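To start, the structure itself, in structure tokens.
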Amino acid sequence: MLLVFIIFIECLTACYKTFLCFCLSLAEESSSAMKVGSYILISVGSLSMLLGFLGCIGAVFEIKFLLGLYFTFLLLIMIAQVTAIVLIFCQRELLSGELTVIINRVITNYNGKNSTDAAWDYIQKQASCCGWYGPGNWTENLTIKNNTFLYPCSCANITGAPSSGFCNASSSVWPVYQTGCKSSLDDWFFNNIGVIIGICIAVAVVELMGMALSMCLCKSIQPEDYSKVSKSGH
Numbered sequence: 003m004l005l006v007f008i009i010f011i012e013c014l015t016a017c018y019k020t021f022l023c024f025c026l027s028l029a030e031e032s033s034s035a036m037k038v039g040s041y042i043l044i045s046v047g048s049l050s051m052l053l054g055f056l057g058c059i060g061a062v063f064e065i066k067f068l069l070g071l072y073f074t075f076l077l078l079i080m081i082a083q084v085t086a087i088v089l090i091f092c093q094r095e096l097l098s099g100e101l102t103v104i105i106n107r108v109i110t111n112y113n114g115k116n117s118t119d120a121a122w123d124y125i126q127k128q129a130s131c132c133g134w135y136g137p138g139n140w141t142e143n144l145t146i147k148n149n150t151f152l153y154p155c156s157c158a159n160i161t162g163a164p165s166s167g168f169c170n171a172s173s174s175v176w177p178v179y180q181t182g183c184k185s186s187l188d189d190w191f192f193n194n195i196g197v198i199i200g201i202c203i204a205v206a207v208v209e210l211m212g213m214a215l216s217m218c219l220c221k222s223i224q225p226e227d228y229s230k231v232s233k234s235g236h
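According to the numbering used here, the stretch in the sequence shown is residues 3 to 236, in order.
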């Protein structure tokens with residue numbers, strides 16, 4: 003029953019990851035590299051859900067083949083996860099540059115009327131930041147270029163301001179946060195690095211427990227001795 007519970011938890015985790023990656027793939031401003039990465043993650047999440055389902059069947063009905071299949075693919079997924087972490091760490095400068103290009107494109111084409119803009123508004127509002135490197139990034143926005151008294155409402159550091167769209171400033175000096183979102187997100191990451199590492203370790207432990215228990219259950223399953231059944235029938 004412990005193995006079934008662990009597999010069930012893995013299925014829920016896979017569902018959550020697949021949903022997040024699906025939402026990521028819908029982002030209109032994503033680059034081709036981001037889209038390819040999100041599609042790969044969707045595939046891995048879907049495979050994890052399928053394997054979790056097969057693992058539950060194998061554990062409940064004690065089917066060796068399904069338990070062995072579950073162990074093998076879970077091992078491959080774990081290796082892929084470790085490989086992805088290493089590649090992300092080694093290519094972090096390239097990924098950072100790619101992300102900067104995407105965010106600048108979002109800011110330039112921002113009009114507050116689509117899901118990508120809503121996501122960026124949420125980030126600025128929650129992180130109390132403005133632009134990627136600072137409010138200066140918004141001067142490249144196509145709408146603000148035509149009216150310098152407009153500024154993004156999600157950047158406003160005044161109470162009661164709307165959370166999306168553009169607001170009118172009383173002067174050319176915008177009442178907005180001066181910290182860029184890149185700096186705020188970097189600070190959040192380093193402040194929560196312990197929690198992030200803990201979650202990664204917890205996921206790895208759950209996967210290792212699932213692999214170990216699947217092998218133990220697989221070894222404990224005794225093949226049916228049909229010779230005794232045939233003898234008792236004579």
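Cβ coordinates follow ideal geometry from the N, Cα and C atoms, glycine included.
All figures in this text were calculated on a predicted structure; none of them were measured in a lab.
{"Asked": "Could you give the DSSP three-state label for Ala163: helix, strand or coil?", "Found": "coil"}
{"Asked": "Residues bridged to Val205 by DSSP?", "Found": "Val205 is not bridged to any residue."}
{"Asked": "For Asp165 versus Cys157, is the C-beta distance shorter than 8 Å?", "Found": "Note on residue identity: the sequence assigns Ser, not Asp, to residue 165. For Ser165 and Cys157, no; Cβs fall outside 8 Å."}
{"Asked": "Is it true that the CB of Phe75 sits closer than 8 Å to the CB of Leu101?", "Found": "no"}
{"Asked": "Compute the Euclidean distance between the alpha carbons of Gly182 and Ile199, then round it to the nearest angstrom.", "Found": "25 Å"}
{"Asked": "For the beta strand (DSSP E) containing Cys155, list its first residue and its last residue.", "Found": "Premise fails: Cys155 is in no beta strand (DSSP E) and is neither H nor E."}
{"Asked": "So, with DSSP's three-state summary, where would you put Asn170?", "Found": "strand"}
{"Asked": "DSSP three-state label for Val178, please.", "Found": "strand"}
{"Asked": "Pick helix, strand or coil for Ile65, following the three-state DSSP scheme.", "Found": "coil"}
{"Asked": "Give me the residue from Gln126, Lys115, Leu89, Met51 with the minimum Cα distance to Ile105.", "Found": "Gln126"}
{"Asked": "Apply the 10 Å Cβ neighbour rule to Leu210 and answer buried if 16 or more other Cβ atoms are within range, or exposed otherwise.", "Found": "exposed"}
{"Asked": "If you count every other CB in all the chains shown that lies within 10 Å of the CB of Val178, and 16 or more means buried, which is it?", "Found": "buried"}
{"Asked": "Have a look at Ile203 and Phe168 and give me their C-alpha separation to the nearest angstrom.", "Found": "43 Å"}
{"Asked": "Straight-line CA distance for Met80 to Thr161?", "Found": "47 Å"}
{"Asked": "Looking at Ser130 and Ser186, is the spacing between their C-beta atoms short of 8 Å?", "Found": "yes"}
{"Asked": "Report yes if the C-beta distance between Leu152 and Thr145 is below 8 Å; otherwise report no.", "Found": "yes"}
{"Asked": "Quick check: Leu69 and Gly60, are their CB atoms within less than 8 Å of each other?", "Found": "yes"}
{"Asked": "Grouping DSSP H, G and I as helix and E and B as strand, with all else coil, what is Cys131?", "Found": "coil"}
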